[in-house]
Amino acid sequence: MGKMYIVDEADHEVMYQAEQASYTPEVREIWSREYFIQQRSNLPSIGMAIDGVCIGGAYMDDGFIHISMLPEYHGKWSLVYAEVLAWAFSHADPIYASILENNKTCLRFSERSGWEMVGRYDEVVYYRSTRCLFERLVARRERLARAVANGAVRPHEAGSAEQNDTESNTTEPISG
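Numbering follows this note's numbering, in which position 41 of the sequence shown is assigned residue number 82; successive positions increment by one, without gaps.
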């Protein structure tokens, strides 16, 4: 796999293909390809690409970030996570995400990344993040990486420390 990078605008056709697999038959009847593209084409968006090929993207819709990746790249977009969130925070702060409760991987990633669960409705879990929380998480990861590089912390301990930090109340100031 080549290097993943951000492009100026999402390819809505690719995003539709990426999302279609999670749609129920009832949703597929309503959210046709044409309707999806019509609804998304005027929203702020960025794409994610590898070797010149779009593999997914993100768009902002009234404070909500929505990220879609082709199935073979699920779990890989974390490589550009910081860039995607920096882009999202240029459009809104706080930002929100709605995640289907059966998407356990995305739910765990959101919680490990410091997102605050703010509610549930039906089969959807809602999360919120702020630029401040995001910047603290990035700073913490940088400190842990330096500690691992300096031999002060073993790699497996750094992951445990980070997970413990994000499981704490992230709305309180985190000391450095």
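C-beta: ideal position from N, C-alpha, C; glycine also.
Residue burial classification, S216 (beta-carbon count within 10 angstroms, cutoff 16): Residue placement at S216 is flagged as unreliable, the pLDDT there being 27, under the threshold of 50; a coordinate-derived value is accordingly withheld.
Spatial distance of Y137 from G104 (CA atoms): Spanning the two alpha carbons is a distance of roughly 6 Å.
Own chain, CB closer than 6 Å to P85, minus 5 neighbours either side, in chain order: M101, H132
Rounded separation between V55 and N191 - CA only: Using only the alpha carbons, I get a separation of about 42 Å.
Y122 vs S139 beta-carbon contact at 7 Å: no
Member of A51, S170, R184 whose CA lies at the smallest distance from the CA of I108: A51
Close Cβ partners of I92 (< 6 Å) along its chain, the five nearest in sequence each way excluded: Per the sequence presented here, residue 92 reads as Asp, with Ile not at that position. For D92, where only same-chain residues beyond five positions count, the Cβ hits under 6 Å are G43.
Run of the alpha helix (DSSP H) containing E124, from where it starts to where it stops: 122 to 130
Beta carbon of Y114 nearer than 7 Å to that of I87: no
Rounded Cβ spacing between V159 and R149 (contact assumed at less than 8 Å): About 17 Å separates the two Cβ atoms, so there is no contact after all.
Euclidean distance between Cα positions of S201 and A188: Residue placement at S201 cannot be trusted, given a pLDDT of 44 that sits under 50; what the coordinates show is reported in the next sentence. A direct Cα-to-Cα measurement between S201 and A188 gives close to 13 Å.
Euclidean distance between Cα positions of T171 and G155: 10 Å
Residue range of the unbroken alpha helix (DSSP H) whose run includes H53: 53 to 61
Distance between beta carbons of L141 and V165, contact taken as under 8 Å: Confirmed, about 6 Å.
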